[in-house]
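Under my numbering, the first residue of the sequence shown carries the number 123, and numbering increases by one thereafter. The next block holds one structure in the form of structure tokens; read it before the comments.
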Amino acid sequence: PVPANLAGLKSSKNSLISEPAHVTLPSHFLAWMSDKSMQLMKKTGLAESADRLLMAEKLDIDNAHMLELGCGTAFVTRKMAETYPGAKITAAEVDQIQHDKNLLIDDLPNVEFILAGMQEIPLPDNSVDLVVMLKSLHHVPTDLLTTGFDEIHRVLKSGGKLYISEPVFDGAFNEILRM
């Protein structure tokens, strides 16, 4: 059965599509969102916004120390830093060129950029309230995953949380990638 907060969404093979914005999200993801978040999601139509809404709803980000693994161009880092000015954000990137670009960002006082991947996190034990991986886990080589999750466990405080969001691949393009 489709939860009540999914009214107005069309079902596709393995996902739900927001008609106005054509955003595809897995049904279990949408089922966790409140009616208020669903209304905002339908209005904005941004999948990236869906992650931020779900994080805001399910995670205590205010005044937390958040580690973002795979921050890329720091787009989401900026949104999070501006939305939660009381949070301390450590934004990690493995690509040296992108990391050097991120170091030029000087208007986010609550963000520290570091060159690191999940397999070797240069933070003390039990120092992070929340670890976030947004569309970055699939970039981690398989042979580094166990070490990476051990590292996340090491830096998370007791009761800390790990939030992972990965793209949902479905359709003809997936078949091409399998070749």
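Every residue gets a Cβ at the ideal spot worked out from N, C-alpha and C, and that includes glycine.
Cβ-Cβ distance between residue i and residue j below 8 Å
i	j	result
K212	L245	According to the sequence displayed, residue 212 carries Thr and not Lys. For T212 and L245, yes; Cβs fall inside 8 Å.
S280	L256	no
I274	V253	yes
H187	D265	no
L237	H261	no
Cα-Cα separation between residue i and residue j, rounded to whole angstroms
i	j	result
R276	N248	6 Å
G230	V216	Note that residue 230 is Leu in the sequence shown, not Gly. In a straight line, the C-alpha of L230 is about 20 Å away from that of V216.
Q271	G239	One point to set straight first is that residue 271 is Phe, not Gln, in the sequence displayed. Cα to Cα, the separation comes out at about 11 Å.
L259	Q218	18 Å
A190	T199	Inspection of the sequence shows that residue 190 is occupied by Glu rather than by Ala. Roughly 8 Å between the two C-alpha positions.
I183	G282	11 Å
R174	K180	10 Å
N185	Q241	26 Å
A172	A196	17 Å
P263	Y285	19 Å
S149	G192	With a pLDDT of 45 at S149, under the threshold of 50, the predicted position of this residue should be treated as unreliable, and no value is reported.
M177	K201	12 Å
Cβ-based neighbour list, residue i, same chain, cut-off 7 Å, excluding 5 preceding and 5 following
i	result
N232	A203, P207, A209, K210, I211
P289	K257
Coil, strand or helix - residue i by DSSP
i	result
E274	The sequence given here places Ile at residue 274; Glu does not occur at that position. In this structure, I274 counts as helix in the three-state DSSP scheme.
D251	strand
L237	strand
L284	strand
L245	coil
Residue i beta carbon near the ligand ATP (any heavy atom closer than 7 Å)
i	result
R200	Here there are no bound small molecules, and the ligand ATP is not part of this structure.
Sequence-distant residues of the same chain with beta carbon closer than 6 Å to residue i, five excluded per side
i	result
F235	A213, N224, L225
I243	E273, V277
Where in the region 163–232 do unbroken runs of the beta strand (DSSP E), each at least 3 residues long, occur, reported from the N-terminal end onward? 187–191, 210–215
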